[in-house]
Amino acid sequence: MSRCLHATVPTWASAITGIALTLAAAAVQADVSLNNMFGDHMVLQQGIKTRVWGKADSGEAVTVTLGGQPKTATAGADGAWEVFLDPVLEYGGPHTLTVKGKNTVTFNDVLIGEVWVCSGQSNMQWGVNQSTDADLERAAAKFPNIRLIWVPQVGTQEPQWNFNGKWTVCSPETVDSFSAVGYFFGRQLHQTLGVPVGLINNAWGGSAAEAWVKRDKLAADARFKPLVERWEKLEAEYPAQKVAYEKAMAEWMVAAEKAKTEGTAAPPQPVNPGGNMTGNHRPGNIHSGVLTPSIGYGIKGAIWYQGESNAARAYQYRALFPLMIQSWRDEWGLGDFPFYFVQLADFKPEKSEPAESDWAELREAQTMTMKALPNTGEAVIIDIGEGKDIHPKNKEDVAKRLARWALAETYKVSGIVARSPLYKSMENQGTKIVLAFDHVAGGWRPFDVNEPVGFTIAGADNTFVPATAKILPDGRIEVGSDAVADPVAVRYAWADNPVCNMYSGAGLPLTPFRTDDFPGVTATAN
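Quick note: the sequence shown uses this note's numbering, first residue 40, plus one each step.
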């Protein structure tokens, strides 16, 4: 019956249907479209040339207008177009942004403000609903001039042009799953500066730093040759692994069905090796799938909370992390924009005895980044972690320490201290070592007890022992131990979860450090 009905369709009807489909396709093709970074409720960065980009027909003229300022571009052979709007110096809104080609796209409720990228792994991704006092924070999140957008997690080697996401107005209904660190950071800026704030959340839990870097950048740098080669080997093995997995899955489904029928336990399900290929550790995956669609959108700077997934390769991070930051700056084309990051918190069982630690070495690599690159800053949170939980719930204090950097260094707000005390130099004085420090705003304020806690000392044998320490009248700290007659090195807070108590008078913790350069436990890991 169906063959007979199909045979009776007139040929003219088929022709009309084909023409209609062709016209529909042409109409869709002709529509000007934009990257989803542009939408209702968006925040455009104040004071810079704003890049607006999208797609249209090849050769199509596109005009973008904001506040009576028209800019025109012609779509290239691939349909891509872009314009740069002149800087808008006045904060506020709302404005309307109009994009006109063969069709017209209008975006409403556009604000001019400060835009920040909130990036990293799970401690940045962790939502407001997972933080301390989530119910109170949610109920109070009534900030119509804070705008939020989330770029979904897509792991791929193919650069993505767009993503599935849109700007929303900050409210109790929208803030729940947004990055808590990002939200609290943005809220502090908004309340202090009194200007609109836009937050771009692209964090991905568990991600490794190499996934955030363009693949060819890593491949071109000899320092990362072992890392790249390890992944090339995994990629070469994947086709055979996929075939084996599909065969194993077919066998498992039969076995699982049999077990269900017999009322017995099913065998373990095979692990899909494809997770490596689309995951958040493969070099370049997050850069192509998450970063690429938003690179070029006007921003003021970035905040970053990551490192846990790279702790086992902390020495490598010394080069990898600055490379990642610099590559972002180069690709965004906005110069050395501010990049502020969170040092790893204390985690795992507390240790008052000296111990080697990959987490301590990762913290050291993070601190070294401030010397490697300009306009970077580290929020030290050695006091805000939880030994039992890699995701401490106190995200507000983390965000405030990041906001201090932005307010003091980027926005030049007077009276705000951003920098934690930082080791400067040492002087060997016989059986003692005397340490000098920078950025001890307001002098020292040891927590809980008057004596400094958290120092260890070693002689030429490189064996560290607990040390006693005292604050000298000039602010230096003297460290020694009866067990070490001729000391050569001192460490402070050098453990996964150290017992330590040193703060500046401004309430910022002393940055963990060591004076030695003895090879660490991750020195050969790559």
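Glycine included, each C-beta is placed from N, C-alpha and C at the ideal position.
For a quick check, are the C-beta atoms of TYR531 and LEU511 less than 9 angstroms apart?
TYR531 places its beta carbon 9 angstroms or farther from that of LEU511.
Buried or exposed by the 16-neighbour rule on C-beta atoms within 10 Å, applied to PRO491:
Taking every protein chain shown into account, the CB of PRO491 has 16 or more other CB atoms within 10 angstroms, so this residue is buried.
Segment contact, 8 angstroms Cβ cut-off, at least three pairs: the segment 450-462 with the segment 504-518:
Counting Cβ pairs under 8 angstroms, fewer than three are found: no touch.
Supposed close pair ALA404, TYR356 - CB separation, criterion 8 angstroms:
Right, the Cβ-Cβ distance comes to about 4 angstroms (below 8 angstroms), so this counts as a contact.
Given ASN540, which residues of its chain have a CB within under 8 angstroms of its CB, disregarding the five upstream and five downstream residues?
Correct list, in chain order: PRO485, PHE486, ASP487, VAL488, PRO491, VAL492, GLY493.
What residue range is occupied by the uninterrupted beta strand (DSSP E) comprising ASN184?
Per DSSP, ASN184 belongs to the beta strand (DSSP E) from 182-189.
Is ASN563 buried or exposed, if buried means 16 or more other CB atoms sit within 10 Å of its CB?
The sequence given here has Thr at residue 563, not Asn. Per the 10 Å Cβ criterion, exposed.
Considering just the uninterrupted stretch of the beta strand (DSSP E) at GLN84, what are its terminal residues?
Start and end: 82-84.
Whether TRP165 touches VAL236 by CB criterion (9 angstroms):
The Cβ-Cβ distance between TRP165 and VAL236 does not fall below 9 angstroms.
Which residue wins for smallest C-alpha separation from ALA100, given the options TYR462, GLY140, ALA411, ASP215?
A check of alpha carbon separations from ALA100 across TYR462, GLY140, ALA411, ASP215 identifies GLY140 as the nearest.
Could you tell me the alpha carbon to alpha carbon distance between TRP206 and THR195, rounded to whole angstroms?
Distance between the alpha carbons of TRP206 and THR195 is about 24 angstroms.
Quick test of your reading: VAL381 and TYR354, contact by CB under 8 angstroms. State the CB separation rounded to the nearest angstrom.
Not a contact, Cβ separation roughly 20 angstroms.
Nearest-angstrom Cα separation, counted from ARG226 out to MET81:
Pairing MET81 with ARG226, the inter-Cα distance amounts to about 16 angstroms.
Give the single residue among PRO413, VAL437, HIS134, GLU417 whose Cα lies nearest to the Cα of GLY424.
With distances taken between Cα atoms, GLY424 lies closest to VAL437.
What distance in whole Å lies between the Cβ atoms of TRP251 and MET363, which are believed to be in contact at a cut-off of 8 angstroms?
Contact flag correct, Cβ pair sits at about 6 angstroms.
Note down, in chain order, each residue of its chain lying with its Cβ closer than 7 angstroms to the Cβ of LEU389, except the 5 sequence neighbours on either side.
For the sequence presented, residue 389 should be read as Glu rather than Leu. Correct list, in chain order: GLY426, ASN536, VAL538.
For ALA368, the nearest candidate out of GLU347, GLU395, LEU330 (CA to CA):
Position check: residue 368 holds Arg in this sequence, whereas Ala was assumed. With distances taken between CA atoms, ARG368 lies nearest to LEU330 out of GLU347, GLU395, LEU330.
With distances taken between CB atoms, is the gap from ASP125 to LYS88 smaller than 9 angstroms?
Taking 9 angstroms as the Cβ cut-off, ASP125 and LYS88 qualify as a contacting pair.
Quick check on the burial criterion: 16 or more other C-beta atoms within 10 angstroms. Buried or exposed for ASN203?
Per the 10 Å Cβ criterion, exposed.
If we count Cβ pairs, one from each stretch, closer than 8 angstroms, do we get three or more for the segment 211-219 versus the segment 251-267?
Note that the segment 211-219 does not touch the segment 251-267; fewer than 3 beta-carbon pairs, one per stretch, sit closer than 8 angstroms.
Top-ranked residue by Cα proximity to GLY152, from HIS229, LEU105, ILE325:
Proximity to GLY152 across HIS229, LEU105, ILE325 peaks at HIS229, based on C-alpha coordinates.
I need the straight-line Cα distance from LEU273 to ALA399, nearest angstrom please.
Taking the straight line joining both Cα atoms gives about 30 angstroms.
Measure the C-alpha to C-alpha separation of VAL267 and LYS339 and round it to an integer number of angstroms.
Going by the C-alpha atoms only, they are around 32 angstroms apart.
Just tell me which of TYR277, VAL518, TRP291 has its CA closest to the CA of GLU466.
Answer by Cα proximity: VAL518.
Here's a check: name, in chain order, each residue in its chain whose Cβ is nearer than 6 angstroms to the Cβ of ASP70, leaving out the five neighbours to either side.
Excluding positions up to five away in sequence, the list reads ASN142.
The alpha helix (DSSP H) that contains MET292, what's its start and end?
Residues 264-301.
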